[in-house]
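To keep things clear, I will list the structure first and then write my remarks on it.
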Amino acid sequence: MSSAPILELRDLSVRLGGSRRWFGKSVAPTVAVKGVSLSIHPGEVLALVGESGSGKTTLGRTILGLQPETSGDIVLDGRAVGGLSPREARKVRTAIQYVHQDAAAALDPWWSIGATLREGLLIHGVASAQVRAAKVDAMLVSVGLEPDAGRRYPHEFSGGQLRRIGLARILLLQPRLLILDEPTSGLDMSVQATVLNLLLDLRREFGLTYLFISHDLSVVQRLSDRVAIMLRGQIVECAPTAEIFQRPSHPYTMSLLASAPRLDRRPSAQQPQPQGVSGATAN
Amino acid sequence: MSPILRKLSRDLPAMLGLALVVIVVLIAIVGPWIAPYPGDVTASHLARRLKPPTGSFPFGTDNLGRDILSRVILGARGALTVAFSVVALSMAIGIPLGLVAGYRAGFVSELIMRVTDVVLAIPQLILALALAQLMSPSLESAMLALSLTYWPFFTRIVFAEARRLSNSVFVDALRGLGMGSARIVFLHILPNAASPIIVRATIGLGFTILTAAVLGFLGMGATPPAPDWGLTIAQSRIYLPGAWWYALFPGLAILLTVMGFNLLGDGLRDLVDPRLRRSR
Amino acid sequence: MIPVLSVRGLKVSFHTDQGRATVLDDVSLTLERGRVLGVVGESGCGKSTLIRTILGILPDAARVEAGAVVFEGENLLVFSEQELNQRVRGSRIGFIPQDPLLSLNPVFKVGSQLLEIMRDHAPPGTKRRDHIKRLIELLRRLQVPDPDTALERYPHQFSGGQRQRLLIAAALACSPGLVIADEPTTALDVTTQHEILLLLRELVDEFDISLLFVTHDLGVVAEVCDTVCVIYAGQTVEAGLVGAVLQTPTHPYTQALLACHPERSTHFVGIPGNVPSTLRMPPGCRFAPRCGYVEPVCSMALPESLQATSGASVRCIRAA
Numbered sequence: 483m484s485s486a487p488i489l490e491l492r493d494l495s496v497r498l499g500g501s502r503r504w505f506g507k508s509v510a511p512t513v514a515v516k517g518v519s520l521s522i523h524p525g526e527v528l529a530l531v532g533e534s535g536s537g538k539t540t541l542g543r544t545i546l547g548l549q550p551e552t553s554g555d556i557v558l559d560g561r562a563v564g565g566l567s568p569r570e571a572r573k574v575r576t577a578i579q580y581v582h583q584d585a586a587a588a589l590d591p592w593w594s595i596g597a598t599l600r601e602g603l604l605i606h607g608v609a610s611a612q613v614r615a616a617k618v619d620a621m622l623v624s625v626g627l628e629p630d631a632g633r634r635y636p637h638e639f640s641g642g643q644l645r646r647i648g649l650a651r652i653l654l655l656q657p658r659l660l661i662l663d664e665p666t667s668g669l670d671m672s673v674q675a676t677v678l679n680l681l682l683d684l685r686r687e688f689g690l691t692y693l694f695i696s697h698d699l700s701v702v703q704r705l706s707d708r709v710a711i712m713l714r715g716q717i718v719e720c721a722p723t724a725e726i727f728q729r730p731s732h733p734y735t736m737s738l739l740a741s742a743p744r745l746d747r748r749p750s751a752q753q754p755q756p757q758g759v760s761g762a763t764a765n
Numbered sequence: 198m199s200p201i202l203r204k205l206s207r208d209l210p211a212m213l214g215l216a217l218v219v220i221v222v223l224i225a226i227v228g229p230w231i232a233p234y235p236g237d238v239t240a241s242h243l244a245r246r247l248k249p250p251t252g253s254f255p256f257g258t259d260n261l262g263r264d265i266l267s268r269v270i271l272g273a274r275g276a277l278t279v280a281f282s283v284v285a286l287s288m289a290i291g292i293p294l295g296l297v298a299g300y301r302a303g304f305v306s307e308l309i310m311r312v313t314d315v316v317l318a319i320p321q322l323i324l325a326l327a328l329a330q331l332m333s334p335s336l337e338s339a340m341l342a343l344s345l346t347y348w349p350f351f352t353r354i355v356f357a358e359a360r361r362l363s364n365s366v367f368v369d370a371l372r373g374l375g376m377g378s379a380r381i382v383f384l385h386i387l388p389n390a391a392s393p394i395i396v397r398a399t400i401g402l403g404f405t406i407l408t409a410a411v412l413g414f415l416g417m418g419a420t421p422p423a424p425d426w427g428l429t430i431a432q433s434r435i436y437l438p439g440a441w442w443y444a445l446f447p448g449l450a451i452l453l454t455v456m457g458f459n460l461l462g463d464g465l466r467d468l469v470d471p472r473l474r475r476s477r
Numbered sequence: 002m003i004p005v006l007s008v009r010g011l012k013v014s015f016h017t018d019q020g021r022a023t024v025l026d027d028v029s030l031t032l033e034r035g036r037v038l039g040v041v042g043e044s045g046c047g048k049s050t051l052i053r054t055i056l057g058i059l060p061d062a063a064r065v066e067a068g069a070v071v072f073e074g075e076n077l078l079v080f081s082e083q084e085l086n087q088r089v090r091g092s093r094i095g096f097i098p099q100d101p102l103l104s105l106n107p108v109f110k111v112g113s114q115l116l117e118i119m120r121d122h123a124p125p126g127t128k129r130r131d132h133i134k135r136l137i138e139l140l141r142r143l144q145v146p147d148p149d150t151a152l153e154r155y156p157h158q159f160s161g162g163q164r165q166r167l168l169i170a171a172a173l174a175c176s177p178g179l180v181i182a183d184e185p186t187t188a189l190d191v192t193t194q195h196e197i198l199l200l201l202r203e204l205v206d207e208f209d210i211s212l213l214f215v216t217h218d219l220g221v222v223a224e225v226c227d228t229v230c231v232i233y234a235g236q237t238v239e240a241g242l243v244g245a246v247l248q249t250p251t252h253p254y255t256q257a258l259l260a261c262h263p264e265r266s267t268h269f270v271g272i273p274g275n276v277p278s279t280l281r282m283p284p285g286c287r288f289a290p291r292c293g294y295v296e297p298v299c300s301m302a303l304p305e306s307l308q309a310t311s312g313a314s315v316r317c318i319r320a321a
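Chains as they are written, first to last, in our numbering: chain G, 483 to 765; chain L, 198 to 477; chain E, 2 to 321.
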């Protein structure tokens, strides 16, 4: 593992929403991300943990580039890549790709999956149609599908296959940092293992680095090398996984860990109440 | 396409609509060859004027002795030409506007939608009257009037779909891949918006035929001696109720054609669903 | 002491384009008064259909083919829609749905929605004034901030956890004896979930309610339930006290499910294979294709659910 970070965020802030009207009330923008500084090292799995309203999703999209930042620096492989429009940012930060939570929804239902995958390569600059077709067929096989699966449409595949197709689409672009948005959310326990093992295999095979956005502490504990805890737009704690789970220092981290339902816990009244940090996210 | 047809075949009203539409289209295409008296577009045979339906003139004859069956058949071409032209022009105006307005919110989007609202408020017939005054009454002025008042319907639908799709996960994924807006809008959003557009277009065809017939009836559309259905009904008025066949058969033609398009459009509403696309 | 709710041999099928799908096949469970029963299963096991059958809100395409749902001694399956509405739903059985955002109408004030429920299900003769007082009391007990003005606000003005408390208030408004909760904490953050689970446990003890809690999360079951019933492919495969089932599971599916849990394994453990389709159930034990202990006789005949004297049951020949 080389020491220079793949990605560095310096004092990053993102303000969202807000509208100025000539008549009636202007709405002030909310600060979704407040002064976040973070480094991600090649090959590691960094988990970004937070509850709804913490800003973790916004931070993920800002790193990706679809959400412009308000202030702060974004440095990718030593180059400053901040301050760009979404379109420009995506062109410059192609080493960063995003894996959506809902793999089925991330595919255009009118396009065959082969066409969808080939289109990604076309945008990426692969000019020859034959080269595109060859690469797509090879990638489909390497994620465990038949090469002629390319002629089929998204609705003809199962959820697990669609997840692999989504990953294939991104892997064709040779990314180095993948932002995984809640990859196990909504999945049954018995199925989560398949997804997580696949992600670990792919990391090994393609030399990837993961930014893993999740609220599920149990998955985070087993998958990640480091964990960053977000609360109301700020990173309140960032440390290697073992440390976070065994010796958490921030009160919010402790309340998160205390709240997770445990199999071996005795039910009801004897449990200490977590300090109320939730409930502040009404509109 | 076959799963679509298979599903359509279970919807009886839609099949009826399809049959009617197909028949009318065929009649429009082969009209001059199947009409018993094709010359009756312009000729006049006063000797056999206002004859009731008989063997040689199944729909009877009009005040100039022309065979009404032939004129009804020949009128199909005009009716469908107007309908397809108007709908095509409305789509050409309305769909791009809807795409632009729906894809990205902002000043341009608001502008387009407010203009759309204003145009929607213009009554079609009044505009047709005005244009007829300006351009002198003709089929062209009627078609222009109808197109200029029908495009907002497409804009509204396309706007809603484009807005919805623009916020969808797969479009977000496409943007994440660095895809440009034009490509996203025309290759990804438009196909997914096809369903409501097709339904609206089909129903629009029927609606246009009806309105064009009304304009013809009011003398603001086709001019004599064109075998236009609405015009024929207008000409038949003074001969009613005696020569009932004169108004009845063109009227039935309008009724069945419009009904056919409406039933087909309704049937298509549920059908054009990407999940029916299957690999060969 | 007769149990509050007793489901016996329930079999429910659906008519689909591809044939008849048997979603529930011989499901039985028992809920004692003042207890919390967890119904645990993964997606597609039939949990939602079970709840809908109990509440009598199955879609038209569904048919109850066999079994009984006995609530306080009466079989609900023979009740008419009107009887269920007037005499059972709301007043005697409360329901807490899964997603508070989807269950509340965004264009109406919260108060009007809750009052509508009371109006439909509260005992006749009670006045609107009393309903409002009762609701405000409930909201205070459920720790909804500013209960006096809460009724005048709209759903979007509350956080997810607060909305779920509103729905709990709706369920409890007419003091039902049985409350059915359909994954009430799945859509919530983990800290909020913890608060709501503690709250539910307190309410059960305080108001002597019987709670049927449907979930897919074994940790939640451990935290809030007294007894548990595990459902796989439309059948009850194991039932018993929470402590016993979670510590010493008997059925291979329960064992496999627990093995997936992060507290029981450091690696990522899954269950190989897939749940059988409701259209084409395998003959014999439904879990046989994926079971680590499978024997030839397992695929030949469906094992019966074996009852122990304690009330626990297992559907597996190994338990005999």
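Backbone N, C-alpha and C fix where the C-beta goes; we use that ideal spot for every residue, glycine too.
In the structure shown, S534 (chain G) adopts coil according to DSSP, grouped into three states.
Considering only G:S640, G:S672, G:G500, G:S501, the residue with the shortest C-alpha distance to H268 (chain E) is G:S672. The beta carbon of T576 (chain G) falls within 8 Å of a beta carbon belonging to chain L, placing the residue at that interface. When the beta-carbon positions are compared, Y254 (chain E) and V238 (chain E) come within less than 8 Å of each other. Taking V270 (chain E) as the centre and dropping the five residues before and after it, the same chain places the C-beta of A260, C261 closer than 6 Å to its C-beta, in chain order. The three-state secondary structure of E196 (chain E), taken from DSSP, is helix. Residue ranges of uninterrupted beta strand (DSSP E) with 3 or more members, entirely inside the segment 589–668 of chain G and ordered along the chain, are 659–663. T31 (chain E) sits in a strand when the DSSP states are folded into three classes. Residues of chain G whose Cβ lies closer than 8 Å to the Cβ of Q194 (chain E) are, in chain order, S741, P743.
Put simply, the CB of G506 (chain G) is far from chain L, with every gap to its CB atoms at 8 Å or more. Scanning its chain for C-beta atoms nearer than 6 Å, with the 5 sequence neighbours on each side dropped, one finds around I94 (chain E) the residues P177, L179, in chain order.
Sorting E:A257, E:A69, E:A234 by C-alpha distance to the C-alpha of C286 (chain E) places E:A234 at the top.
When 8 Å is used as the limit between beta carbons, P568 (chain G) is near these residues of chain L: R372, in chain order.
The beta carbon of V222 (chain L) is closer than 7 Å to those of L277 in its chain, skipping five residues each way along the sequence. Contact annotation: in the segment 694–716 of chain G, residues whose CB is within less than 9 Å of a CB in chain E are H697, D698, L699, S700, V701, Q703, R704, L705.
The beta carbons of I197 (chain E) and G162 (chain E) sit closer together than 8 Å. The residue among L:K248, L:L271, L:L460 with its C-alpha nearest the C-alpha of L217 (chain L) is L:L460.
Boundaries of the alpha helix (DSSP H) around F356 (chain L): 336–363. Within the same chain, and ignoring the five residues on either side of P393 (chain L) in sequence, the residues whose Cβ sits closer than 7 Å to its Cβ are I354, E358. For E153 (chain E), there is no enclosing alpha helix (DSSP H), as DSSP gives it neither H nor E. Of the candidates L:G303, L:V312, L:R301, L:V312 places its Cα closest to the Cα of G291 (chain L).
Distance from the CA atom of L271 (chain L) to the CA atom of A440 (chain L), rounded to whole angstroms, is 21 Å. Y294 (chain E) counts as exposed, since fewer than 16 other C-beta atoms from the protein chains shown sit within 10 angstroms of its C-beta.
Ranked by Cα distance from N86 (chain E), the options E:S113, E:I118, E:D100 are led by E:I118. A Cβ-Cβ separation of about 23 Å leaves L699 (chain G) out of contact with L690 (chain G) under the 8 Å criterion. For L649 (chain G), the closest alpha carbon among the candidates G:D584, G:S667, G:M712 is that of G:D584. Following the DSSP letters along the chain, one finds H122 (chain E) inside the alpha helix (DSSP H) bounded by residues 111–122.
The residue among E:R34, E:C317, E:R9 with its C-alpha nearest the C-alpha of L212 (chain E) is E:R34.
Here K48 (chain E) has V40, G42, V215, I232 as same chain residues with Cβ atoms under 7 Å from its own Cβ, once five neighbours each way along the sequence are excluded.
A distance below 8 Å separates the beta carbons of I318 (chain E) and P304 (chain E). Residue state for M712 (chain G) is assigned as strand, using DSSP reduced to three classes. Rounded to whole angstroms, the gap between the alpha carbons of T723 (chain G) and Q194 (chain E) is 23 Å. Contact of E719 (chain G) with chain E is not assigned, every C-beta pair being separated by 8 Å or more. Counting along the chain, the unbroken alpha helix (DSSP H) around D463 (chain L) starts and ends at 441–466. Against chain E, the CB of M671 (chain G) has a partner CB under 8 Å away; the residue lies at that interface. Of all residues in the segment 586–614 of chain G, only A587, A588, L589, D590, P591, W592, S594, G602, I605 come within less than 7 Å of chain L when Cβ atoms are compared, listed by chain position.
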